[in-house]
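Visitor: This is the structure I have questions about; it appears just below.
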Amino acid sequence: MATPTLNKELSLKWLELFQIYARTLSLQATAKETGLAVSTVSHHLRNLEEHLGVALFDHTRRPMVITPTGQTYLLNITQALQTIRKATAEASAGNIANASHLRIGTIEDLDSDVTPELAVYLSQNMPDCRFLYTSATSSMILQMLRQRELDLGIVASPLKPANDLIDWPLLRDPFVVVLPVSTTSSLPDLVEGRSRLPFLQFASDLLIAGQIAAQMRRLGLQLPHKFECGNNQTLMAMVAAGAGWTITTPLLFARARRFHCDLRVLPFPGKGFARTLSLVSNADCAQSVIDLVSHKLRTELSRQVITDTHRTMPWLKDQFTLID
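Note that numbering that gives the first Met the number 0 numbers the sequence shown so that position 219 is 218, with each residue one more than the last.
Shown next as structure tokens:
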């Protein structure tokens with residue numbers, strides 16, 4: 000590699016593109032993520048190498064791979080870029096009322112009640128802000144956060160986010176058994192597979208289905224099922240109609256109010272288990288924005304879901320709770 004080129008100033012854009020390419024290892028993916036042409040991305044990366052006078056990429060490989068020197072450089076600039084982004088975010092949102100944009104991803108579990116209240120609250124407190132709300136699964140939201148397509152995400156997952164994300168746990172959402180009120184089968188018979196009433200489960204590609212399946216394996220239980228569904232409302236409707244029973248959580252059960260009179264909720268037998276609802280962000284998201292969103296989420300979860308659930312199912316009082 001030639002000696003460093005001194006007639007060009009180091010560009011923040013070069014560093015950002017280098018970081019994205021190191022993550023994607025694709026010029027096409029980097030271009031798509033940044034909205035630039037592939038040739039422009041390639042030109043900026045070449046400029047970075049020429050400016051430094053070192054080989055950051057092995058250009059003989061397709062796709063290009065990061066050299067050991069490039070890997071070391073990446074480690075050194077990652078913290079610096081994070082500090083710059085965080086400082087920029089804090090500066091633009093230091094006065095919440097003047098914040099310019101915010102992209103939030105939420106799970107569908109909150110679409111009917113909590114998310115609308117959050118949207119109204121944020122629009123009132125951030126009047127000049129342009130908002131983008133996306134509803135998706137927890138895994139999709141986490142992926143969008145990692146790709147910087149979102150600033151904040153509200154996810155329900157038993158898994159800790161990767162090191163490039165920060166999470167603030169909000170709610171402990173324990174698993175419960177939901178039966179049709181008409182069933183005469185006992186809970187032990189259902190869970191141990193001795194009942195003719197079939198087990199209805201969440202679609203196997205959902206994180207919640209994986210967590211339930213893992214717990215069942217730990218207990219040595221294997222239940223045959225004849226129905227999978229990715230939609231909570233449909234699952235509750237099937238149980239209410241007497242088509243089977245299921246395992247879900249109080250938060251999801253609360254969304255199916257129209258079916259409550261035909262459903263019965265019982266504690267999961269044996270050792271209980273739960274999923275966690277969390278607020279997740281990139282490390283450079285402004286803390287003032289995080290605090291504002293977290294405060295409203297906690298307020299609405301308590302007001303709209305937790306209080307009523309504790310009233311109708313007092314045995315959940317110490318299990319279905321906000322996380323301090």
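All C-beta atoms, glycine included, are put in the ideal place defined by N, C-alpha and C.
State the DSSP-derived secondary structure class of Asp261, mapped to helix, strand or coil.
Guide: Three-state result, Asp261: helix.
Visitor: Taking its Cβ as the centre, do 16 or more other Cβ atoms sit within 10 Å of Val154, making it buried, or is it exposed?
Guide: Its Cβ being crowded by 16 or more others within 10 Å, Val154 is buried.
Visitor: With a CB to CB cut of under 7 Å and the five nearest residues on each side skipped, what residues in its chain are close to Leu186?
Guide: Same-chain partners within the cutoff: Val176, Leu265, Pro268.
Visitor: Using 8 Å as the threshold, is the segment 129-140 in touch with the segment 195-211, meaning 3 or more CB pairs across them?
Guide: Verdict: yes, contact present.
Visitor: Can you give the Cα-Cα distance for Gln303 and Gly152, rounded to whole angstroms?
Guide: The straight-line gap from Cα to Cα measures roughly 20 Å.
Visitor: Give me the DSSP bridge partner(s) of Asp57.
Guide: DSSP output for Asp57 lists Val64 as bridge partner(s).
Visitor: So Phe226 and Met237 are supposed to be a Cβ contact under 8 Å. How far apart are they, rounded?
Guide: That belief holds up - the Cβ atoms of Phe226 and Met237 are roughly 7 Å apart, short of 8 Å.
Visitor: Just verifying my parser: in three-state terms, what is the DSSP assignment at Gly34?
Guide: Coil.
Visitor: Run the CB neighbour count on His294, radius 10 Å, all protein chains shown included, and call it buried at 16 or more, exposed below.
Guide: Exposed: under 16 other Cβ atoms inside 10 Å.
Visitor: Could you check whether the segment 192-203 touches the segment 241-248, counting it as contact only if at least three pairs of C-beta atoms, one from each stretch, sit closer than 8 Å?
Guide: Yes, the segment 192-203 is in contact with the segment 241-248.
Visitor: Sorted by chain position, which residues of the same chain lie with C-beta nearer than 7 Å to Gly69's C-beta, five sequence neighbours on each side aside?
Guide: Result list for Gly69: Leu55, Phe56, in chain order.
Visitor: Can Met235 and Ala255 be called in contact, C-beta distance under 8 Å?
Guide: Their beta carbons are under 8 Å apart, which means Met235 touches Ala255 by this criterion.
Visitor: Flag Asp290 as yes when its Cβ comes closer than 7 Å to any non-hydrogen atom of the ligand ATP, and as no otherwise.
Guide: The ligand ATP is absent from the structure shown, which contains no ligand whatsoever.
Visitor: Taking all protein chains shown into account, do 16 or more other C-beta atoms lie within 10 angstroms of the C-beta of Gln27, making it buried, or fewer, making it exposed?
Guide: When all chains shown are included, Gln27 counts as exposed.
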